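Colleague: Got a structure for you, questions after.
In this note's numbering, the protein residues as written are 13 to 109.
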């Protein structure tokens, strides 16, 4: 566990092992953190379907999660994804100040 509170979170080309032990390990305070989840649609190491399932899973346990899919993106990052992440962070920083 990270000892400090986080303000926001981003997942790039990730996945969650979907079982009840994961849910039990997420502290209530962490469930308040907004998440941006981005995933390339041609990701080989982490299949798009596995990444796409993460956002509804987090929302089901009460978290706020925005999912963004990127056509043609593999298990990497591109300028479009970076620019959206930057915009997403800036918008939330302005709204919290």
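Just so it is clear, CB atoms sit at the ideal spot from N, CA and C, and this is done for glycine as well.
None of the values given here were measured: they were computed from a predicted structure.
Given this structure, state the Cα-to-Cα distance separating residue 34 from residue 84, to the nearest angstrom.
Modeller: Numbered from 1 along the chain shown, position 22 holds the residue referred to as residue 34. Numbered from 1 along the chain shown, position 72 holds the residue referred to as residue 84. So the two alpha carbons sit approximately 30 Å from each other.
Colleague: Residue ranges of each beta strand (DSSP E) run of no fewer than 3 residues wholly in the segment 47-80, ordered along the chain?
Modeller: Runs of the beta strand (DSSP E) inside the segment 47-80: 47-52.
Colleague: Would you identify the three-state DSSP class for residue 105, choosing helix, strand or coil?
Modeller: Sequence index remark: in the chain shown, residue 105 carries index 93 (1-based). In the structure shown, residue 105 sits in a helix (DSSP, three-state: H, G or I).
Colleague: Take residue 44 as the anchor and find which of 18, 52, 60 has the nearest alpha-carbon.
Modeller: Counting from 1 along the chain shown, the entry for residue 44 is found at position 32. Ranking 18, 52, 60 by Cα distance to residue 44 puts 18 first.
Colleague: Here's a check: name, in chain order, each residue in its chain whose Cβ is nearer than 7 Å to the Cβ of residue 79, leaving out the five neighbours to either side.
Modeller: Locating residue 79 in the chain shown gives position 67, counting from the first residue. If we look at residue 79 and ignore the five residues flanking it on each side, its Cβ neighbours are 49, 64, 67.
Colleague: Taking a contact to mean a Cβ-Cβ separation below 8 Å, would you say residue 89 touches residue 24 in this structure?
Modeller: As a first step, residue 89 must be located in the chain shown, where it is residue number 77. As a first step, residue 24 must be located in the chain shown, where it is residue number 12. Cβ atoms of residue 89 and residue 24: closer than 8 Å.
Colleague: Can you tell me which of 36, 87, 71, 73 puts its alpha carbon nearest to the alpha carbon of residue 55?
Modeller: The residue given as residue 55 occupies position 43 in the chain shown. Of 36, 87, 71, 73, the residue nearest in Cα terms is 87.
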